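Chemist:
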Amino acid sequence: MAIKKVFVIGAGTMGNGIAQVSAQAGYDVMMSDIKDEFVQKGMAAIEKSLDRLVKKETIKESDKSAILARIKTTTDNKDAKDADMVIEAAPEILELKKNIFKQLDDICKPDAILATNTSSLPIGEIAASTKNPKRVIGIHFMNPVPVMKGVEVIPGRQTAADVLEASKEYIRKIGKEPCEARDYAGFIVSRLVDALMNEAFWCVMDGNKPEEVDKAIKLCLNHPMGPLELCDLAGADVVMHGLETMYEEFGERLMPAPLLKNMVRSGDLGRKTGRGFYDYTQK
Ligand SMILES: NC(=O)c1ccc[n+]([C@@H]2O[C@H](COP(=O)([O-])OP(=O)(O)OC[C@H]3O[C@@H](n4cnc5c(N)ncnc54)[C@H](O)[C@@H]3O)[C@@H](O)[C@H]2O)c1
Numbered sequence: 032m033a034i035k036k037v038f039v040i041g042a043g044t045m046g047n048g049i050a051q052v053s054a055q056a057g058y059d060v061m062m063s064d065i066k067d068e069f070v071q072k073g074m075a076a077i078e079k080s081l082d083r084l085v086k087k088e089t090i091k092e093s094d095k096s097a098i099l100a101r102i103k104t105t106t107d108n109k110d111a112k113d114a115d116m117v118i119e120a121a122p123e124i125l126e127l128k129k130n131i132f133k134q135l136d137d138i139c140k141p142d143a144i145l146a147t148n149t150s151s152l153p154i155g156e157i158a159a160s161t162k163n164p165k166r167v168i169g170i171h172f173m174n175p176v177p178v179m180k181g182v183e184v185i186p187g188r189q190t191a192a193d194v195l196e197a198s199k200e201y202i203r204k205i206g207k208e209p210c211e212a213r214d215y216a217g218f219i220v221s222r223l224v225d226a227l228m229n230e231a232f233w234c235v236m237d238g239n240k241p242e243e244v245d246k247a248i249k250l251c252l253n254h255p256m257g258p259l260e261l262c263d264l265a266g267a268d269v270v271m272h273g274l275e276t277m278y279e280e281f282g283e284r285l286m287p288a289p290l291l292k293n294m295v296r297s298g299d300l301g302r303k304t305g306r307g308f309y310d311y312t313q314k
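The sequence shown maps to residues 32 to 314 in the numbering used here.
1. Is it buried or exposed for Met116, if we count other Cβ within 10 angstroms and need 16 for buried?
2. Are there any heavy atoms of ligand 1 lying less than 7 angstroms away from the beta-carbon of Asp94, as far as the coordinates show?
3. Rounded to a whole number of angstroms, what is the C-alpha to C-alpha distance between Ser96 and Val39?
4. Taking 8 angstroms as the cut-off, decide whether the C-beta atoms of Ala75 and Met62 are in contact.
5. Is any heavy atom of ligand 1 found at a distance shorter than 7 angstroms from the C-beta of Ser63?
6. Nearest-angstrom Cα distance between Gly257 and Ala216?
7. Going by CA-CA distance only, name the one from Gly305, Glu275, Phe281 that's closest to Lys292.
8. Using DSSP with H/G/I as helix, E/B as strand and the rest coil, what is Val178?
9. So within the stretch 77 to 160, which uninterrupted beta strand (DSSP E) runs reach at least 3 residues, ignoring any that extend past its ends?
10. I'd like to know if the stretch 205 to 225 and the stretch 242 to 250 are in contact, where contact means that at least 3 CB-CB pairs between them fall below 8 angstroms.
11. For Gly206 and Ser297, I'd like the C-alpha separation in whole angstroms.
12. So, do the stretch 185 to 202 and the stretch 142 to 158 have three or more beta carbon pairs nearer to each other than 8 angstroms?
13. Taking only the alpha-carbon atoms, compute the straight-line gap between Leu127 and Gly238 and give it to the nearest angstrom.
14. Taking only the alpha-carbon atoms, compute the straight-line gap between Asp64 and Met236 and give it to the nearest angstrom.
15. Sorted by chain position, which residues of the same chain lie with C-beta nearer than 8 angstroms to Lys140's C-beta, five sequence neighbours on each side aside?
16. Return the first residue and the last residue of the alpha helix (DSSP H) that Asp268 is part of.
17. Measure the C-alpha to C-alpha separation of Thr161 and Leu99 and round it to an integer number of angstroms.
18. Here's a check: name, in chain order, each residue in its chain whose Cβ is nearer than 7 angstroms to the Cβ of His272, leaving out the five neighbours to either side.
19. Using the C-alpha atoms, what's the distance from Thr149 back to Ala288?
20. Let me check you understand the geometry: is the CB of Ala121 closer than 7 angstroms to at least one non-hydrogen atom of ligand 1?
21. From Leu223, Val220, Ile219, Met179, pick the residue whose C-alpha is nearest to that of Arg203; which is it?
22. Is the Cβ-Cβ distance between Ile185 and Arg166 less than 8 angstroms?
23. Please go through the same chain and pick out, in chain order, the residues whose beta-carbon is closer than 7 angstroms to the beta-carbon of Ala121, but skip the five residues on each side of it.
24. Which residue from Val270, Gly301, Asp299 puts its Cα closest to that of Met286?
25. Considering only heavy atoms of ligand 1, does any lie closer than 7 angstroms to the CB of Gly41?
26. Leaving out five residues on either side along the sequence, give the residues of the same chain with a beta carbon under 8 angstroms from the beta carbon of Phe69.
27. Determine the closest residue to Glu196 out of Asp310, Gly282, Ile170, Val176, with distance taken between C-alpha atoms.
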């Protein structure tokens, strides 16, 4: 299963990063979005990111031009017809992703791999929207894509063994390391980080100060960021949505702590509203 042409759906935060790292590794890339202005915005983000690499002397100016020349753009997903691998990075809406995969199933070559970058939606359900679920897989990049070394790879129940192997090979070729996860809500990364954050909310409810909880996790466990700072950064509403999905899948073990619900109801969502576990109005 030789992969040469990678088609990336969505030129947003994740899509443009995926297009960039794929082109950097030598793949012929095509990046799509629904409007040309979104595609151009994605290309501008890639250029800016490559400029940083040139400045740091990680790549040369001539490498930058060669990488950019390997990325083509389109607003028509039918251009995925000769791709060897499609990586979908459209918004996290199950019905939207199922529709895109249904279309891709008709557009793409029969042996093309169809991957989704979903953070938490069921791979099996996305795969079931196609006639050939064997070629559907989850490839979950972390943000920011060019920086983060780990990539979760999630086979669905039907995913073929050679599709899993070819996906791992692609991940290694772009200089990253595949972490194989099972197809349950949140896979490994989102599930564990949500569990850590939820337990941190309970710690605060037990009377621990947020700054002490974050300090303990940073200094005693060597995490770069505390779980409450992370919640403020992601947004309490986003964290709550993730935990509710986990609760549906795993029951009581991952029931959102009452403090989180209280904060969401009060609009204390974190950085984006200026108040969360910390006050951002003065910063
Ligand atoms: N942002 C993150 O930190 C992060 C991390 C890991 C995974 N993810 C996942 O990656 C996916 C994309 O997230 P994002 O943050 O890049 O979103 P985003 O909103 O920045 O970008 C999504 C892009 O997809 C485009 N799009 C929508 N429908 C399309 C279609 N039919 N064809 C082509 N393009 C289409 C949108 O116009 C938009 O530009 C989601 O599933 C998300 O859960 C996000």
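Using N, Cα and C, we set each Cβ at its ideal position, and we do this for glycine too.
Only a predicted model underlies this, so the values are computations on that prediction, with no experimental measurement involved.
Modeler: The answer reads as follows:
1. Walking along the sequence shown from the start, residue 116 turns up at place 85. Buried.
2. Residue 94 sits at position 63 when you count from the first residue of the sequence shown. No.
3. Position 65 of the sequence shown, counted from the start, is the residue given in the question as residue 96. Position 8 of the sequence shown, counted from the start, is the residue given in the question as residue 39. Straight-line Cα distance between these residues: approximately 20 angstroms.
4. For this step, residue 75 is matched to residue 44 along the sequence shown. For this step, residue 62 is matched to residue 31 along the sequence shown. No, the pair does not count as a contact, with Cβ atoms beyond the cut-off.
5. On the sequence shown, position 32 is the one that residue 63 refers to. Answer for Ser63: yes, Cβ within range of ligand 1.
6. Within the sequence shown, residue 257 is the residue found at index 226, counting from 1. Within the sequence shown, residue 216 is the residue found at index 185, counting from 1. Going by the C-alpha atoms only, they are around 23 angstroms apart.
7. Here residue 292 corresponds to residue number 261 of the sequence shown, with the count starting at 1. Answer by Cα proximity: Glu275.
8. Sequence index remark: in the sequence shown, residue 178 carries index 147 (1-based). Collapsing the DSSP output to three states places Val178 in coil.
9. The stretch 77 to 160 contains these whole beta strand (DSSP E) runs: 102 to 105, 116 to 119, 144 to 147.
10. By the Cβ criterion, the stretch 205 to 225 is not in contact with the stretch 242 to 250, since fewer than three pairs of Cβ atoms, one from each stretch, lie closer than 8 angstroms.
11. Position 175 of the sequence shown, counted from the start, is the residue given in the question as residue 206. Position 266 of the sequence shown, counted from the start, is the residue given in the question as residue 297. For Gly206 and Ser297, the distance between alpha carbons rounds to 43 angstroms.
12. Of all C-beta pairs linking the stretch 185 to 202 to the stretch 142 to 158, three or more are shorter than 8 angstroms, placing the two stretches in contact.
13. Position 96 of the sequence shown, counted from the start, is the residue given in the question as residue 127. Position 207 of the sequence shown, counted from the start, is the residue given in the question as residue 238. In this structure, the straight-line span from the alpha carbon of Leu127 to that of Gly238 is close to 42 angstroms.
14. For the purposes of this step, residue 64 is taken as residue 33 along the sequence shown, with counting starting at 1. For the purposes of this step, residue 236 is taken as residue 205 along the sequence shown, with counting starting at 1. So the alpha carbons of these two residues sit roughly 44 angstroms apart.
15. Within the sequence shown, numbered from 1, the residue matching residue 140 stands at position 109. Within the same chain, and ignoring the five residues on either side of Lys140 in sequence, the residues whose Cβ sits closer than 8 angstroms to its Cβ are Lys112, Asp113, Ala114, Asp115.
16. Taking the sequence shown and counting its residues from 1, one reaches residue 268 at position 237. 267 to 281 is the span of the alpha helix (DSSP H), which, as asked, contains Asp268.
17. For the purposes of this step, residue 161 is taken as residue 130 along the sequence shown, with counting starting at 1. For the purposes of this step, residue 99 is taken as residue 68 along the sequence shown, with counting starting at 1. Roughly 32 angstroms separates the two Cα atoms.
18. Along the sequence shown, read from residue 1 onward, the residue named residue 272 stands at position 241. Result list for His272: empty, nothing under 7 angstroms.
19. For the purposes of this step, residue 288 is taken as the residue at position 257 of the sequence shown. For the purposes of this step, residue 149 is taken as the residue at position 118 of the sequence shown. When only Cα atoms are considered, Ala288 and Thr149 end up about 25 angstroms apart.
20. For the purposes of this step, residue 121 is taken as residue 90 along the sequence shown, with counting starting at 1. In this structure, the C-beta of Ala121 approaches ligand 1 to less than 7 angstroms from one of its heavy atoms.
21. To locate residue 203, count along the sequence shown from 1; it is residue 172. Taking only the C-alpha atoms, the option nearest Arg203 is Met179.
22. As a position in the sequence shown, residue 185 is number 154, starting the count at 1. As a position in the sequence shown, residue 166 is number 135, starting the count at 1. Their beta carbons are not under 8 angstroms apart, which means Ile185 does not touch Arg166 by this criterion.
23. If you number the sequence shown from 1, residue 121 lands on position 90. Shown here for Ala121: same chain residues with a beta carbon closer than 7 angstroms to its own, the five before and five after excluded, namely Ile40, Gly41, Leu127, Lys128, Ile131 in chain order.
24. Indexing the sequence shown from 1 puts residue 286 at position 255. Nearest in C-alpha terms to Met286, of all of Val270, Gly301, Asp299, is Val270.
25. Indexing the sequence shown from 1 puts residue 41 at position 10. Yes, ligand 1 has a heavy atom inside 7 angstroms of this Cβ.
26. Against the sequence shown, residue 69 aligns to sequence position 38. Answer for Phe69: Ala42, Gly43, listed in chain order.
27. Looking up residue 196 in the sequence shown gives position 165. Comparing Cα positions, the closest option is Ile170.
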